[in-house]
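Presented below is the structure to which this report refers.
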Amino acid sequence: MKKVITVLASVLVTSVILSACGSGSTSNTAGNGEGATGDGAISGTVTFLTNRTDMIGTQFDDYAKRFHEKYPNAQVEFEAITDLDKTTKIRMSSGDYPDVVLIPTIPNSDLPKYFTPLDDLGLNDNIYFKDYKSYEGKVYGISVGATTTGIVYNKKAFADAGITEIPKTLDEFYAASEKLKAKGIVPLASNFKDQWPLYPWISEVPTSMAGDAKLNNDRMNSDTPYQMNNPYGKSMSIIRTMYEKGYLEKDVNSTNWEQSKKDVASGKFAMVMLGNWVIPQIISSGTTSDNIGFFPLPYDNSGKVNVSLAPDWAYGVNKNSENLATAKAFVKWMIEDSGFDQYAGFIPVLKDKKATIPQLQQFDSFKPVTIEAVADDPKVTDIVNHAQITKEALVQEFILAQNPQSVLDKYNAAWAKARKDILK
2 MKKVITVLAS
12 VLVTSVILSA
22 CGSGSTSNTA
32 GNGEGATGDG
42 AISGTVTFLT
52 NRTDMIGTQF
62 DDYAKRFHEK
72 YPNAQVEFEA
82 ITDLDKTTKI
92 RMSSGDYPDV
102 VLIPTIPNSD
112 LPKYFTPLDD
122 LGLNDNIYFK
132 DYKSYEGKVY
142 GISVGATTTG
152 IVYNKKAFAD
162 AGITEIPKTL
172 DEFYAASEKL
182 KAKGIVPLAS
192 NFKDQWPLYP
202 WISEVPTSMA
212 GDAKLNNDRM
222 NSDTPYQMNN
232 PYGKSMSIIR
242 TMYEKGYLEK
252 DVNSTNWEQS
262 KKDVASGKFA
272 MVMLGNWVIP
282 QIISSGTTSD
292 NIGFFPLPYD
302 NSGKVNVSLA
312 PDWAYGVNKN
322 SENLATAKAF
332 VKWMIEDSGF
342 DQYAGFIPVL
352 KDKKATIPQL
362 QQFDSFKPVT
372 IEAVADDPKV
382 TDIVNHAQIT
392 KEALVQEFIL
402 AQNPQSVLDK
412 YNAAWAKARK
422 DILK
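Set out below in structure tokens:
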């Protein structure tokens, strides 16, 4: 999920860089596997375009220093913006975009127009989502990290409500929510008003229920993909039940994302259903790491659970970069050496690198079956856009409707018409 960093304006900051050493310093060539092959020495300045405005002047300064220490003839600068997806696409269309960017939402068939292949970094056999940003067998983007979705919870709130064991079935999940409500604690922060935090209920949870990474793409084969008795309807019925039983915020239409993180940290709210990336943000909102836990959502009563493993933004290297080897070396350094995945709460994209944050270790102790996400089929994306379907809006309508089937009928009708137009 692409996280939203709330900042009033875009920020352009050049990190504090140590001056490059003279000709006597070590210069790694591209052919040594450090950055690229056949692209010359790792030297010169490259710029990385990021959405992490909060890291400017802090972590990014440290990254710049450490990257320069490894490659004395090279240096990196950071440009941070808020509306990353839109802004990056505008700049790409003009041809004026930095050396390294987080790839925006463009069709994979367009990747070769803007980015250079990264197959020569020597990472392909050891990364998740190798094919996610690939085209015709070439890798053009590597995810900054992996995320899984589950229940982030306040341990003290659970203890105060007398919850002694983590729910492993859906009935136990509802029972725990009832205990929290009786104690005056909001069981689950939905962030209903902000809309985007509802995405798991229409994507990750249905995929987990189906045990099929291709669930969203398989919608292309049907005029009625949304049914009450299929994974989409069953998933949204869980959050609807939570609403009906009073287990969400008292007034779902007045929720606030930034405040909700503070409320989970304080124990006013007990749980939130999002990716592991939110864990550091909650901790930094007013609690300690040992007070925050993470477990898979028990979406049925089987006692077994699947979880979706999804990529975040992907690093891409501008094919027209004047310092191509250095840009590639920086991408590899970010993945292998920077520690960004740990800082941001990600599961490392490197398969042989284990997550070290305790919440992910707790999550893994439940032994969920992991389903690795696949790239969206371009035709499915075209149908969604043509039908003007906002998936989180679907969830909102489903939760509030007197007759949720009517909501599914509405969206199925829009889907069927768009499907006919796109696939004709």
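Residue numbers (my numbering): 2 to 425. Even for Gly, the Cβ is constructed at its ideal location relative to N, Cα and C.
Quiz prompt | Buried/exposed call for glutamine 282, threshold 16 Cβ in 10 Å | solution = buried
Quiz item: Taking all protein chains shown into account, do 16 or more other C-beta atoms lie within 10 angstroms of the C-beta of glutamine 76, making it buried, or fewer, making it exposed?
Solution: buried
Quiz item: Should glutamine 397 be labelled buried (16 or more other beta-carbon atoms within 10 Å of its own) or exposed?
Solution: buried
Exercise. Determine the closest residue to phenylalanine 174 out of Leu325, Tyr154, Phe193 and Gly185, with distance taken between C-alpha atoms.
Key: Tyr154
Practice problem: Please name the residue in His387, Glu166, Asp291 and Thr382 whose C-alpha comes closest to that of alanine 414. | Solution: His387
Quiz item: From Asp224, Gly212 and Pro73, pick the residue whose C-alpha is nearest to that of lysine 418; which is it?
Solution: Asp224
Exercise. Compute the beta-carbon to beta-carbon distance between arginine 220 and phenylalanine 399, rounded to the nearest angstrom, for a pair I have assumed lies under 8 Å.
Key: Wrong, their Cβ atoms sit about 16 Å apart, outside the cutoff.
Quiz item: With which residues is glycine 276 paired in a DSSP beta bridge?
Solution: Thr150
Exercise. Could you check which residue in Ile107, Phe295, Gly276 and Val102 has the C-alpha nearest to that of lysine 320?
Key: Val102
Exercise. Using the Cα positions of leucine 310 and threonine 149, report the straight-line distance between them to the nearest angstrom.
Key: 5 Å
Self-check item: N- and C-terminal bounds of the beta strand (DSSP E) containing valine 332
Solution: Taken as a continuous stretch (DSSP letters only), valine 332 belongs to no beta strand (DSSP E), being part of the alpha helix (DSSP H) at 325-337.
Quiz item: Are there 16 or more other CB atoms within 10 angstroms of the CB of glutamate 250, so buried, or fewer, so exposed?
Solution: buried
Practice problem: Please work out which residues of its chain come closer than 7 Å, Cβ to Cβ, to tyrosine 412, disregarding the five sequence neighbours upstream and downstream, and give them in chain order. | Solution: Tyr227, Ile390 and Leu395
Quiz item: Taking the C-alpha atoms as reference points, what is the distance between aspartate 422 and serine 110?
Solution: 21 Å
Quiz item: Whose CA, out of Asn307, Pro108, Phe367 and Glu78, lies closest to the CA of lysine 90?
Solution: Pro108
Quiz prompt | For alanine 414, the first and last residue of its enclosing beta strand (DSSP E) | solution = It is not in any beta strand (DSSP E) - alanine 414 instead sits in the alpha helix (DSSP H) that spans 405-424.
Quiz item: With respect to the alpha helix (DSSP H) encompassing tyrosine 64, which residues constitute its N-terminal and C-terminal limits?
Solution: 60-71
Quiz item: Do valine 145 and tyrosine 316 have their C-beta atoms within less than 8 Å of each other?
Solution: yes
Quiz item: If you measure from the beta carbon of glycine 268 to each beta carbon in chain C, is any gap under 8 Å?
Solution: Included in the structure is just one protein chain, with no chain C present.
Exercise. Would you list the one or two residues that DSSP bridges to isoleucine 348?
Key: Ala147
Quiz prompt | Through-space distance from threonine 54 to serine 1, alpha-carbon basis | solution = Absent from the model: residue 1. The displayed extent of the chain is 2 to 425, so no value can be given.
Quiz item: What is the DSSP secondary structure of alanine 190, counted as helix, strand or coil?
Solution: strand
Exercise. Measure from the alpha carbon of isoleucine 358 to the alpha carbon of each residue in Gly287, Ala330, Val308 and Ile280, then state which is nearest.
Key: Ile280
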